[in-house]
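A.B. asks: Residue numbers (the UniProt record's numbering): 1 to 184.
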Amino acid sequence: MGQKRSNYVPIGRRGVFGGVILNMHLHWKRHETVKVICKPGEVQEYADEIARLSGGIPIQIIADDTIVFYRGRDYVQPEIMSPIDTLSKKKALEKSKYEQSLESVRRFIAIAEKELELYYRHVALYGDPSNRSAYSILDDSRSTRGKRNAEIGEENYSASESNLSDLELSEIDDSCSDDNQSSS
């Protein structure tokens with residue numbers, strides 16, 4: 001029975017390390033080309049690094065995640081197939097975990113900056129919420145005036161106070177609309 005051989009070398013989570021180059025050289029023992037499958041978006045960096053480490057020639061990039069390498073016409077298998085200056089499997093895994101944590105921290109910082117910007121906009125529009133007490137939100141000028149009018153009694157309530165309160169409310173509305181226009 002024949003053994004099925006795959007014509008590719010996957011680059012997994014660990015990236016390029018000594019084992020990838022070793023597998024390429026072992027594959028080149030019987031074949032002239034090898035497909036290297038890697039993460040999308042990082043194809044050019046992987047192609048340059050693998051070409052430097054293996055001595056192969058990148059001849060084609062397929063679909064942003066596959067590189068085809070040619071071993072060369074006069075290929076001779078090197079004595080040391082895994083280059084010395086590559087990472088070990090364990091070190092490559094540690095490096096990938098570190099890069100992944102850096103990426104998640106970068107994403108978290110971006111989200112936190114957006115939330116902080118939204119908070120500053122809110123403070124600019126409505127004031128600082130930490131300076132308010134729970135009762136200050138409920139106590140506005142209308143409710144205070146209403147309590148005072150209730151104490152005085154309905155008979156003392158005149159039309160002039162009503163006009164005055166309407167003027168104050170319109171001034172408040174105007175100042176709110178000015179704040180909204182200045183923040184836009």
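We treat Cβ as the ideally placed atom computed from N, Cα and C, and that holds for glycine.
Express the C-alpha separation of residue 55 and residue 85 in angstroms, rounding to a whole number.
C.D. replies: Here residue 85 refers to the residue found at position 85 of the sequence shown. Here residue 55 refers to the residue found at position 55 of the sequence shown. Taking the straight line from one Cα to the other gives about 14 Å.
A.B. asks: Does the Cβ of residue 162 have 16 or more other Cβ atoms within 10 Å, making it buried, or fewer, making it exposed?
C.D. replies: Position 162 of the sequence shown, counting from 1, holds the residue named residue 162. With a pLDDT of 48 at residue 162, under the threshold of 50, the predicted position of this residue should be treated as unreliable, though the coordinate-derived value follows. Exposed, by the Cβ-count rule.
A.B. asks: Jot down the residue ranges of each uninterrupted beta strand (DSSP E) in the stretch 49–85, minimum 3 residues, whole runs only, in chain order.
C.D. replies: Counting whole runs of 3 or more residues, the stretch 49–85 contains the beta strand (DSSP E) stretches 57–62 and 66–70.
A.B. asks: Nearest-angstrom Cα distance between residue 40 and residue 82?
C.D. replies: In the sequence shown, residue 40 corresponds to position 40, counting from 1. In the sequence shown, residue 82 corresponds to position 82, counting from 1. Cα to Cα, residue 40 sits roughly 25 Å from residue 82.
A.B. asks: Along the chain, where does the beta strand (DSSP E) that runs through residue 37 open and close?
C.D. replies: Looking up residue 37 in the sequence shown gives position 37. 33–37 is the extent of the beta strand (DSSP E) around residue 37.
A.B. asks: Three or more beta-carbon pairs under 8 Å between the stretch 63–70 and the stretch 28–37, yes or no?
C.D. replies: The answer is yes - the stretch 28–37 touches the stretch 63–70, with three or more Cβ pairs under 8 Å.
A.B. asks: In or out: residue 111 buried (at least 16 other Cβ within 10 Å) or exposed?
C.D. replies: Indexing the sequence shown from 1 puts residue 111 at position 111. With fewer than 16 other Cβ atoms within 10 Å, it is exposed.
A.B. asks: What do you get for residue 59, buried or exposed, if any count of 16 or more other CB atoms within 10 angstroms of its CB means buried?
C.D. replies: What you label residue 59 is simply residue 59 of the sequence shown in a count that begins at 1. Burial call: exposed.
A.B. asks: Roughly how many angstroms lie between the CA atoms of residue 94 and residue 121, to the nearest whole one?
C.D. replies: Translated into the one-based positions of the sequence shown, residue 94 becomes position 94. Translated into the one-based positions of the sequence shown, residue 121 becomes position 121. Spanning the two alpha carbons is a distance of roughly 41 Å.
A.B. asks: Identify the continuous alpha helix (DSSP H) that holds residue 42 and give its terminal residues.
C.D. replies: Walking along the sequence shown from the start, residue 42 turns up at place 42. No alpha helix (DSSP H) holds residue 42; DSSP gives it neither H nor E.
A.B. asks: Distance cutoff 7 Å, beta carbons only. Does residue 93 sit that close to anything in chain E?
C.D. replies: The chain labelled as chain E is not found in the depicted structure, where only one protein chain is given.
A.B. asks: Determine the direct distance from the alpha carbon of residue 97 to that of residue 105, and round the result to whole angstroms.
C.D. replies: Looking up residue 105 in the sequence shown gives position 105. Looking up residue 97 in the sequence shown gives position 97. Approximately 12 Å between the Cα atoms of the pair.
A.B. asks: Taking the Cβ atom as the reference point for each residue, do residue 9 and residue 34 lie within a distance shorter than 7 Å?
C.D. replies: In the sequence shown, residue 9 corresponds to position 9, counting from 1. In the sequence shown, residue 34 corresponds to position 34, counting from 1. In this structure, residue 34 lies closer than 7 Å to residue 9 by Cβ.
A.B. asks: Thinking C-beta only, is residue 15 closer than 7 Å to residue 63?
C.D. replies: For the purposes of this step, residue 63 is identified with residue 63 of the sequence shown, where counting begins at 1. For the purposes of this step, residue 15 is identified with residue 15 of the sequence shown, where counting begins at 1. Cβ distance not < 7 Å, so residue 63 and residue 15 don't count as in contact.
A.B. asks: Tell me the rounded alpha-carbon separation between residue 38 and residue 127.
C.D. replies: Against the sequence shown, residue 38 aligns to sequence position 38. Against the sequence shown, residue 127 aligns to sequence position 127. About 51 Å.
A.B. asks: According to DSSP, is residue 16 part of a helix, a strand, or is it coil?
C.D. replies: Translated into the one-based positions of the sequence shown, residue 16 becomes position 16. Three-state DSSP puts residue 16 in coil, outside helix and strand.
A.B. asks: Have a look at residue 80 and residue 22 and give me their C-alpha separation to the nearest angstrom.
C.D. replies: Against the sequence shown, residue 80 aligns to sequence position 80. Against the sequence shown, residue 22 aligns to sequence position 22. Distance between the alpha carbons of residue 80 and residue 22: 9 Å.
A.B. asks: Which value, in whole angstroms, describes the spacing of the CA atoms of residue 20 and residue 100?
C.D. replies: The residue given as residue 20 occupies position 20 in the sequence shown. The residue given as residue 100 occupies position 100 in the sequence shown. Taking the straight line from one Cα to the other gives about 20 Å.
A.B. asks: Within the continuous alpha helix (DSSP H) that includes residue 102, where are the two ends?
C.D. replies: Taking the sequence shown and counting its residues from 1, the one referred to as residue 102 is at position 102. That run of the alpha helix (DSSP H) goes 89–126.
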